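Numbering (our numbering), first residue to last: 7 to 411.
Glycine included, each C-beta is placed from N, C-alpha and C at the ideal position.
From a predicted model like this one, the values you see are computed outputs, not experimental measurements.
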Ligand SMILES: *Cc1c(COP(=O)(O)O)cnc(C)c1O
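Right under this line is the structure:
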């Protein structure tokens with residue numbers, strides 16, 4: 007008889023988004039509302055840039071001719087040189103030297119963050135920030151590194167609280183030393199972006215203890231403040247202790263197009279083995295690359311025209327973020343994020359829980375948000391709003407919230 011991976015049975019059922027959906031449906035059925043405005047979505051809504059579409063059309067035509075047709079990609083790391091070189095050059099322009107064979111192109115940062123555990127032993131101690139992007143937690147639970155779920159936390163994970171009190175950046179842990187440390191900056195869900203000093207502290211810690219930092223910078227393109235690092239590799243010593251995940255999803259609206267990349271420096275060695283070589287072996291075995299058309303689309307985001315267009319879209323989202331942040335602050339809430347990220351993280355009024363505040367905003371303002379408690383115990387007392395909506399609807403949602411507070 008075949009046996010299942012018992013760790014899957016320990017996973018709590020998908021709770022957050024199904025529960026939000028249930029409450030929204032129940033409310034809409036009872037009181038057909040004036041239009042519901044969704045500020046809970048974590049997906050982009052603006053179309054792909056014209057430069058990207060043009061590159062895709064051209065690539066499709068190439069696929070239709072025998073002379074230019076492409077099958078399996080035979081080039082390094084399952085990615086075409088044109089894309090890896092463009093990524094390498096974009097790092098270089100930002101002052102970071104990355105070799106092209108340190109760049110692995112994939113179909114998503116979610117898959118890479120989730121699969122990276124393949125190259126690490128099951129006995130590693132894992133630390134996650136709290137609140138957290140659930141992928142880091144659930145994939146380690148599936149692998150058996152998280153222990154058991156006690157209704158609030160996993161018994162074997164180290165939770166690093168990120169709250170207003172510590173500026174939403176984790177302090178170094180006191181007891182047990184983690185081997186794998188997930189850091190997401192700019193952060194989903196808090197919208198906080200780590201400073202150079204904060205990242206240096208973790209890089210020094212990881213180098214001192216032989217830990218590895220798994221750095222998710224899916225939102226780096228949203229950084230507006232000068233001096234905030236876009237890459238962990240801007241930090242002295244990071245190449246011997248960090249892996250970086252980036253994605254075209256939020257940067258260029260590729261959530262439905264699918265392209266991302268992971269950087270593993272060749273200087274990153276554990277147990278005498280190169281993690282770059284292990285990941286290359288893992289990808290070569292379990293992955294056959296990203297569609298040629300998609301890689302051409304991703305390449306187009308690095309051209310002058312592509313850069314201009316994707317920056318306009320990011321500016322559009324960041325303007326929504328500003329509207330939300332200023333509006334909710336004016337309404338008396340304590341509001342964080344929204345400057346270097348498309349997420350706004352708002353403190354609920356004194357004594358009101360995340361889910362209760364979610365219900366108030368849904369029922370009185372017809373605005374859908376995301377309760378912070380859904381991202382981990384330290385998210386209790388906060389709600390997340392996103393800047394991915396339409397501009398008019400965002401203004402309207404903020405007006406409605408102001409009216410009821
Ligand atoms: C959206 C998001 C990603 C991107 O995932 P893709 O699979 O590349 O679409 C990665 N990390 C975080 C924290 C995200 O919110």
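Q | Between the CA atoms of residue 45 and residue 29 - distance to the nearest angstrom | A | Reading the chain shown from its first residue, position 23 is the one you call residue 29. Reading the chain shown from its first residue, position 39 is the one you call residue 45. Taking the straight line from one Cα to the other gives about 15 Å.
Q: Taking all protein chains shown into account, decide if residue 74 is buried (16 or more other Cβ within 10 angstroms of its Cβ) or exposed.
A: Counted from its first residue, the chain shown places residue 74 at position 68. Note on residue 74: under 16 other CB atoms within 10 angstroms of its CB, so exposed under the neighbour-count rule.
Q. What is the DSSP secondary structure of residue 343, counted as helix, strand or coil?
A. Counted from its first residue, the chain shown places residue 343 at position 337. Residue 343: strand per DSSP, three-state reduction.
Q) What is the rounded straight-line gap between the Cα of residue 47 and the Cα of residue 348? A) Residue mapping note: residue 47 aligns to position 41 of the chain shown, counting from 1. Residue mapping note: residue 348 aligns to position 342 of the chain shown, counting from 1. Rounded to the nearest angstrom, the two C-alpha atoms are 11 Å apart.
Q: List the endpoints of the continuous alpha helix (DSSP H) containing residue 299.
A: Here residue 299 corresponds to residue number 293 of the chain shown, with the count starting at 1. From DSSP, the alpha helix (DSSP H) with residue 299 extends over 298–306.
Q | Candidates 158, 131 and 159: closest to residue 151 by CA position | A | Here residue 151 corresponds to residue number 145 of the chain shown, with the count starting at 1. Checking every option, the nearest Cα to that of residue 151 belongs to 131.
Q) Looking at residue 114 and ligand 1, is the gap between the Cβ and the nearest heavy atom below 7 Å? A) Here residue 114 is taken as the residue at index 108 of the chain shown, counted from 1. For ligand 1, at least one heavy atom lies less than 7 Å from the Cβ of residue 114.
Q. Shortest alpha-carbon distance to residue 208 belongs to which of 226, 109, 138 and 179?
A. As a working note, residue 208 is residue 202 in the chain shown. The option with the nearest alpha carbon to residue 208 is 179.
Q: Please state if the CB of residue 97 and the CB of residue 301 are separated by a distance shorter than 8 Å.
A: Here residue 301 corresponds to residue number 295 of the chain shown, with the count starting at 1. Here residue 97 corresponds to residue number 91 of the chain shown, with the count starting at 1. No, they are not a contact pair.
**Q.** Proximity test, residue 199 beta-carbon vs ligand 1 heavy atom, cut-off 7 Å
**A.** Working through the chain shown from its first residue, we reach residue 199 at position 193. Incorrect: residue 199 has no Cβ contact closer than 7 Å to ligand 1.
Q) Three-state secondary structure (DSSP) at residue 359? A) As a first step, residue 359 is located in the chain shown; it is residue number 353 there, counting from the start. Three-state DSSP puts residue 359 in coil, outside helix and strand.
Q) Is the closest heavy atom of ligand 1 to the C-beta of residue 96 under 7 Å? A) The residue you call residue 96 lines up with position 90 of the chain shown. Residue 96: no, Cβ never under 7 Å from ligand 1.
Q. Using DSSP with H/G/I as helix, E/B as strand and the rest coil, what is residue 389?
A. Position 383 of the chain shown holds residue 389. Note: residue 389 maps to strand in three-state DSSP.
Q: Starting from residue 268, follow the beta strand (DSSP E) in both directions and report where the run begins and ends.
A: Counting from one through the chain shown, the residue named residue 268 turns up at place 262. Start and end: 266–269.
Q) By the 10 Å Cβ neighbour count, where 16 or more other Cβ atoms means buried, how is residue 136 classified, buried or exposed? A) Position 130 of the chain shown, counted from the start, is the residue given in the question as residue 136. With 16 or more other Cβ atoms within 10 Å, it is buried.
Q.
Applying the 10 Å Cβ sphere with the 16-neighbour rule, what's the burial state of residue 188?
A. In the chain shown, counting from the first residue as 1, residue 188 sits at position 182. Burial of residue 188 is indicated by the presence of at least 16 other C-beta atoms within 10 angstroms of its C-beta.
Q.
For the pair the stretch 288–307 and the stretch 249–262, tell me if three or more CB-CB distances fall below 8 Å.
A. yes
Q. Which residues does DSSP pair with residue 351 in a beta bridge?
A. Locating residue 351 in the chain shown gives position 345, where the first residue counts as 1. In the DSSP output, where bridge partners are listed per residue, residue 351 has 342 and 390.
Q | beta strand (DSSP E) segment containing residue 247, residue limits | A | Taking the first residue of the chain shown as 1, we reach residue 247 at position 241. Membership of residue 247 in any beta strand (DSSP E) is not indicated, and neither H nor E is assigned to it by DSSP.
Q. How about residue 127 and residue 145: are their beta carbons less than 8 Å apart?
A. Here the question's residue 127 lines up with position 121 in the chain shown. Here the question's residue 145 lines up with position 139 in the chain shown. Result no, Cβ atoms of residue 127 and residue 145 do not sit closer than 8 Å.
Q. Under the DSSP definition of a beta bridge, which residues are partnered with residue 208?
A. Looking up residue 208 in the chain shown gives position 202. Per DSSP, residue 208 has no beta bridge partner at all.
Q) Buried or exposed: residue 15, going by 16 or more other Cβ atoms within 10 Å of its Cβ? A) As a position in the chain shown, residue 15 is number 9, starting the count at 1. With fewer than 16 other Cβ atoms within 10 Å, it is exposed.
Q. Where does residue 252 land, buried or exposed, given buried means 16+ other C-beta within 10 angstroms?
A. Position 246 of the chain shown, counted from the start, is the residue given in the question as residue 252. Classification for residue 252: buried.
Q.
Quick test of your reading: residue 344 and residue 393, contact by CB under 8 Å. State the CB separation rounded to the nearest angstrom.
A. Taking the chain shown and counting its residues from 1, the one referred to as residue 344 is at position 338. Taking the chain shown and counting its residues from 1, the one referred to as residue 393 is at position 387. Going by Cβ atoms, the distance from residue 344 to residue 393 rounds to 7 Å, so yes, they are a contact pair.
(Q) On a Cα-Cα basis, can you pick out the residue from 25, 117, 283 and 395 that is closest to residue 320? (A) Taking the first residue of the chain shown as 1, we reach residue 320 at position 314. It is 395 whose Cα lies nearest to the Cα of residue 320.
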